[in-house]
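Asker: Going left to right, the sequence shown walks through residues 2 to 287 as the numbering used here numbers them.
So that we are looking at the same thing, I have put the structure below in structure tokens.
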Amino acid sequence: MALFEKVAVLGFGTMGSGIAQVVAQSGRTVVVLESEQSRLEAGLAAVEAFLATGVARGKVTEEQKAAVRGRISGTTDLADLADADLVIEAVTERKDIKASVLAQVADVVRPEAVITTNTSAIPVSELATHVTGGSRFAGLHFFNPAPLMRVIEIVRGLSTDADVIARLEAFVGDLGKDPVVVKDRPGFLVNRLFMPYINDVVQAFDDELASAEDIDTAIKLGLGYKMGPLELLDLIGLDVHEHATRGAYEATLDPVFAPPPLLQTMVAAGMRGAKNGRGFRTEQNA
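Here's what the structure looks like:
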């Protein structure tokens, strides 16, 4: 019997659809909760498109694609999550929204069900206060795109039970991913190191040390990275990074986390990167 046979995913956006696909590929049943039917349809379409690309590249067979798709169902009714063994929350990166959704779901699922959040910046221990039975709550931070990125951070909150962490480690390994257990600190591990780096890159661009293209080329060829930092920032979303860095700065008052003025201005002007074609590596901002 597989660990966490039925998994509930809250939210079917970019991260939610990727997480649902990864879990379904492991042979588990996945039910996704969304607020509207149209959002469910969009999420399913995203999974279909990702799998279709895999088929075109010879990474996935048509049979595998159909099997994965068949294990994923969507709902707008909280009651359909009642028998879930594991919950993975992946809704909008806003504390109030996450807290509200988690509180509602915690009252529906069984007391022994493990509940996790995919937040990249909000303190896990704080979100745990909104979950009945906070010792069963932890962070389970996937990276974008979830089907391709191997590492998953397991964030241990102040009240998280040790057995929950051990079970999540086994679960992540069963997904074919690599678990890294980290403390509940601003940015956790990867983003704690990543955010100051990206902030420095944005400031270097604003100081006109080099063009956006040359900065990306220098980092890729000079440090052996697969993607340049400004390409990556566009992919992540300027708004997402700005929100995360602002949260880390407010929590620590460490200036390395403070979002650079240029980034704040671009976000205020509606530039969100690849999501709307307006970022550092686009014609609109050439």
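Positions of the beta carbon are idealized from the N, C-alpha and C atoms, including for glycine.
1) Would you identify the three-state DSSP class for Asp207, choosing helix, strand or coil?
2) Any heavy atom of the ligand GTP within a distance shorter than 7 Å of the CB on Glu37?
3) Pick from Val24, Thr15, Thr246, Ser101: whose alpha carbon is nearest that of Gln265?
4) Measure the alpha-carbon distance for Asp164 versus Pro260 and round it to whole angstroms.
5) Does DSSP classify Ala132 as helix, strand or coil?
6) Does the distance from the C-beta atom of Leu103 to that of Ala9 stay below 8 Å?
7) Between Val183 and Ala213, what straight-line distance do the alpha-carbon atoms span, to the nearest angstrom?
8) Would you verify that the beta carbon of Ser27 is, or is not, closer than 8 Å to some beta carbon of chain C?
9) Helix or strand or just coil, what does DSSP make of Asp179?
10) Please report the distance separating the alpha-carbon of Leu149 from that of Leu176.
11) How should Glu6 be labelled, buried or exposed, when 16 other C-beta atoms within 10 angstroms of its C-beta is the threshold for buried?
12) So what does DSSP say about Ile220, is it helix, strand or coil?
13) Thinking just about the alpha-carbon of each residue, which of Glu209, Glu251, Leu231 is nearest to the one in Arg273?
14) Assign Ala147 to one of three DSSP states: helix, strand, or coil.
15) Counting only runs of 4+ residues fully inside the segment 90-120, write out the alpha helix (DSSP H) ranges in chain order.
16) Do Glu90 and Thr133 have their C-beta atoms closer together than 8 Å?
17) Can you check whether the CB of Thr77 is closer than 8 Å to the CB of Glu37?
18) Quick check on DSSP: helix, strand or coil for Arg355?
19) Output yes or no for whether 8 Å exceeds the beta carbon distance between Gln105 and Leu128.
20) Count the other C-beta atoms from every protein chain shown that fall within 10 angstroms of the C-beta of Ile116, then say buried if there are 16 or more, exposed otherwise.
21) Residue range of the beta strand (DSSP E) that Val257 falls in?
22) By alpha-carbon positions, which one of Val69, Glu113, Gly71, Ala67 ends up nearest to Val88?
Answerer: Let's see:
1) Helix, per DSSP.
2) Absence of the ligand GTP from the depicted structure is noted, as is the absence of any ligand whatsoever, leaving it without description.
3) Check the Cα spacing between Gln265 and each of Val24, Thr15, Thr246, Ser101: the tightest is with Thr246.
4) Rounded to the nearest whole angstrom, the CA to CA distance from Asp164 to Pro260 is 37 Å.
5) One point to set straight first is that residue 132 is Val, not Ala, in the sequence displayed. Of the three classes helix, strand and coil, the one that applies to Val132 here is coil, per DSSP.
6) Judged by their CB atoms, Leu103 and Ala9 are not nearer to each other than the 8 Å cut-off.
7) So the alpha carbons of these two residues sit roughly 33 Å apart.
8) Included in the structure is just one protein chain, with no chain C present.
9) Note: Asp179 maps to strand in three-state DSSP.
10) Those two C-alpha atoms are separated by around 12 Å.
11) That one is exposed.
12) Assignment of Ile220 by DSSP, reduced to helix, strand and coil, places it in the helix class.
13) Of the listed residues, the one whose Cα sits closest to Arg273 is Leu231.
14) Residue state, collapsed to three classes: coil.
15) 96-107, all fully within the segment 90-120.
16) For Glu90 and Thr133, no; Cβs fall outside 8 Å.
17) Yes, the Cβ-Cβ distance between Glu37 and Thr77 is below 8 Å.
18) In this structure the chain extends from 2 to 287, so residue 355 is not present and cannot be described.
19) No, Cβ-Cβ distance for Gln105 and Leu128 is not below 8 Å.
20) Its Cβ being crowded by 16 or more others within 10 Å, Ile116 is buried.
21) Boundaries cannot be given for Val257, as no beta strand (DSSP E) includes it and DSSP labels it neither H nor E.
22) If we check each option's Cα against that of Val88, Glu113 comes out closest.
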